[in-house]
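Sequential numbering from 357 applies to the sequence shown in our numbering.
A virtual CB, placed ideally from N, CA and C, is assigned to each residue, including glycine.
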Amino acid sequence: MPKINETFVKKVEPPTVNHKIHYDSEIPGFGLRVTRAGTKSFILNYHIYKRERRFTIGQFPAWTAAAARDKAKELRRLVDQGIDPLEERIERREAPTVADLWIEYESVHLPKLALRSQKDQQGMWTNYILPELSSVAVRDLSSRQTDRLHANITEKTPTRANRVLEVLRTALNLAIRWGWIEKNPADGFPRNAEHSRERYLSQDEYELIFAALEKMPKQKAANAIRLIVLTGARRGEVLGLEWSEVDLERGIWNRPPHKSKDRKAKRIPFSNEALVLLNTMHDEADSNFLFPTSKGTPMPDLNRPWRWLKEATGLTDIRIHDLRHSFASVLVSSGKTLETIGKLLGHSQYQTTMRYAHLMDDPLRDAANSFSQLASVRMSRIS
């Protein structure tokens, strides 16, 4: 028997019959299968559990003789351990991939989220996760691969990179529950530092905004911004608002579960100013949506009107979400409790509202100083 090396493989001639196998002189069962058409493939024959098996390693020249020999030795070691390489290959072909994980995640987990979160996560999978990992078997996914995904996204959007890995980690936790894997390769990913930005509007800035809104070319968009200011609601919550959710008689916003982040129904009172705005809008309404497009669908965003407003007011550093933070800030300054503020903002967890707790420091400090001044006068009288 010859030693199957590069020289032998190149020189061997096609047989006159359908095919011929040349076995190696050193590695048991390792051979070169040559067809009459001249196709040359490296194979390994072996016996396991009283069965004769043949594993096709690959074709020449895509596989060199040296690489095929190394693979054959690796396969022989598996056989010696009682592992059938052919069964392993079949299992690997059938093993669910990251693309399969997305299909399950989309059908099982995504419907539990608010619509805005569903769309956001769909974008994460479509734009980031699937282009890089779709064909990878979930069981083969490594921390090195998830870290590389995070690093690639970090180059452009560091905060977004954190969100994408959080979503992938959640999906992989589901894979653990389903028995696909035992460990989560996305656990402990190198999270990018996130610096919370706090920007609260002053009374003068509110006046600038309301004055500019009067002059905004598109008053439908202006009304959407006014309602965000008056309710502290998220942009998506306001743009998706339907008249069926608005109880003008009782002054209540009945937010359905599928429009809430925590999938729970909310009952939120409108302020008197908000009700004046809503009643005016209702008299002119021609759609079930408060802010419809010409096609009858909700306005997708407020990007252009918001840019116009920033230029008109000169407040170039404000974000639309700052209106929500400022709403909470005003309520804190007026002495409202965090529990009350949380309910108006639609928070399901008290911890979420605690981000505004530090705003209570100033009025409390003023109260403490008032006591100190009073006490010092009395103490001086005693002394």
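- Which value, in whole angstroms, describes the spacing of the CA atoms of Ile532 and Pro661? Within the sequence shown, residue 532 is the residue found at index 176, counting from 1. Within the sequence shown, residue 661 is the residue found at index 305, counting from 1. If you take the alpha carbons of Ile532 and Pro661, they lie about 45 Å apart.
- Tell me whether the beta-carbon of Ala424 lies closer than 8 Å to the beta-carbon of Phe398. On the sequence shown, position 68 is the one that residue 424 refers to. On the sequence shown, position 42 is the one that residue 398 refers to. Going by C-beta atoms, Ala424 is nearer than 8 Å to Phe398.
- Query: Under 8 Å between the Cβ atoms of Tyr556 and His681?
  - Reply: Taking the first residue of the sequence shown as 1, we reach residue 556 at position 200. Taking the first residue of the sequence shown as 1, we reach residue 681 at position 325. Going by C-beta atoms, Tyr556 is nearer than 8 Å to His681.
- From this set, His378, Val390, Ile413, Ala684, which residue's C-alpha is nearest Ser558's C-alpha? Taking the first residue of the sequence shown as position 1, residue 558 is located at position 202. Looking at the Cα atoms, Ala684 is the closest of the given residues.
- When the Cβ atoms of the region 622–639 are set against those of the region 515–531, are three or more pairs found closer than 8 Å? no
- 8 Å Cβ cutoff met for Trp609 and Leu646: One-based indexing of the sequence shown puts residue 609 at position 253. One-based indexing of the sequence shown puts residue 646 at position 290. No, the pair does not count as a contact, with Cβ atoms beyond the cut-off.
- CB of Val523 within 8 Å of CB of Met572, strictly: In the sequence shown, residue 523 corresponds to position 167, counting from 1. In the sequence shown, residue 572 corresponds to position 216, counting from 1. No. Outside cutoff.
- Message: Ignoring anything shorter than 4 residues, give me the alpha helix (DSSP H) runs that lie fully in the region 378–443, in order along the chain.
- Response: 421–436
- Item | the region 423–441 / the region 404–415 touching (three or more Cβ pairs under 8 Å) | yes
- Is the region 448–462 close to the region 488–496, with three or more CB pairs under 8 Å? yes
- Item | When Thr363, Asp380, Asn659 are compared against Val420, the one with the closest alpha-carbon | Residue numbering aside, residue 420 sits at position 64 when the sequence shown is read from its first letter. The sequence shown places Thr at residue 420, not Val. Measuring from the Cα of Thr420, the nearest candidate turns out to be Thr363.
- Leaving out five residues before and five after Ala542 in sequence, what residues of the same chain have Cβ atoms less than 7 Å from its Cβ? Reading the sequence shown from its first residue, position 186 is the one you call residue 542. The answer, listed in chain order, is Thr502, Leu521, Leu524, Arg525, Leu528.
- Which whole-angstrom value describes the C-beta separation of Ile584 and Ile676, a residue pair presumed to lie in contact below a C-beta threshold of 8 Å? Looking up residue 584 in the sequence shown gives position 228. Looking up residue 676 in the sequence shown gives position 320. 7 Å between Cβ atoms; contact.
- Message: Quick check on DSSP: helix, strand or coil for Glu640?
- Response: For this step, residue 640 is matched to residue 284 along the sequence shown. Reduced to three states, the DSSP call for Glu640 is coil.
- For the beta strand (DSSP E) that contains Asn610, what are its first and last residues? To locate residue 610, count along the sequence shown from 1; it is residue 254. For Asn610, the enclosing beta strand (DSSP E) starts and ends at 608–611.
- Item | Extent of the continuous alpha helix (DSSP H) run through Lys576 | On the sequence shown, position 220 is the one that residue 576 refers to. Element bounds for Lys576: 575–587.
- Is it true that the CB of Leu564 sits closer than 8 Å to the CB of Leu671? Mapped onto the sequence shown, residue 671 falls at position 315. Mapped onto the sequence shown, residue 564 falls at position 208. Yes, the Cβ-Cβ distance between Leu671 and Leu564 is below 8 Å.
- Neighbour-count burial assignment, Asn483, 16 or more Cβ in a 10 Å radius: Residue numbering aside, residue 483 sits at position 127 when the sequence shown is read from its first letter. Exposed.
- Where Pro648 sits in the DSSP three-state scheme: Numbered from 1 along the sequence shown, position 292 holds the residue referred to as residue 648. Correct three-state label for Pro648: strand.
- Coarse secondary structure for Val602, derived from DSSP in three states: Translated into positions along the sequence shown, residue 602 becomes position 246. Of the three classes helix, strand and coil, the one that applies to Val602 here is strand, per DSSP.
- Straight-line gap, Arg445 to Pro612 (C-alpha atoms, nearest Å): Counting from one through the sequence shown, the residue named residue 445 turns up at place 89. Counting from one through the sequence shown, the residue named residue 612 turns up at place 256. Rounded to the nearest angstrom, the two C-alpha atoms are 49 Å apart.
- Query: So what's Pro625 in DSSP terms, helix, strand or just coil?
  - Reply: The sequence position of residue 625 within the sequence shown is 269, counting from 1. DSSP places Pro625 in strand when its eight states are reduced to three.
- Query: For the alpha helix (DSSP H) that Arg675 lies in, which residues bound it at each end?
  - Reply: If you number the sequence shown from 1, residue 675 lands on position 319. First-last for Arg675: undefined, no H or E at that position.
- Message: How far does the alpha helix (DSSP H) with Arg500 in it extend, from its first residue to its last?
- Response: Along the sequence shown, one-based indexing puts residue 500 at 144. Where Arg500 is concerned, the enclosing alpha helix (DSSP H) stretches over 499–510.
- Among Ile537, Thr513, Ala577, which one has its Cα closest to the Cα of Asn548? To locate residue 548, count along the sequence shown from 1; it is residue 192. Here the closest residue by C-alpha is Thr513.
- Given a cut-off of 8 Å, decide if Leu701 and Gly588 are closer than it, judged by their beta-carbon atoms. Residue numbering aside, residue 588 sits at position 232 when the sequence shown is read from its first letter. Residue numbering aside, residue 701 sits at position 345 when the sequence shown is read from its first letter. Taking 8 Å as the Cβ cut-off, Gly588 and Leu701 qualify as a contacting pair.
- Have a look at the DSSP bridge pairing and note the partners of His375. Counting from 1 along the sequence shown, the entry for residue 375 is found at position 19. According to the DSSP secondary-structure assignment, His375 is paired through a beta bridge with Thr391.
- Item | Buried/exposed call for Arg582, threshold 16 Cβ in 10 Å | Position 226 of the sequence shown holds residue 582. It counts as buried.
- Query: Which residue comes first and which comes last in the alpha helix (DSSP H) that contains Trp662?
  - Reply: Within the sequence shown, the letter at position 306 stands for residue 662. Looking at the DSSP string, the run of the alpha helix (DSSP H) that includes Trp662 is 659–669.
- Taking C-alpha atoms, which residue in Lys376, Lys366, Ser381, Pro370 lies nearest to Pro358? Position 2 of the sequence shown, counted from the start, is the residue given in the question as residue 358. Among Lys376, Lys366, Ser381, Pro370, the Cα nearest to that of Pro358 belongs to Ser381.
- Query: For Pro514, does the three-state DSSP call read helix, strand or coil?
  - Reply: Working through the sequence shown from its first residue, we reach residue 514 at position 158. Helix at Pro514.
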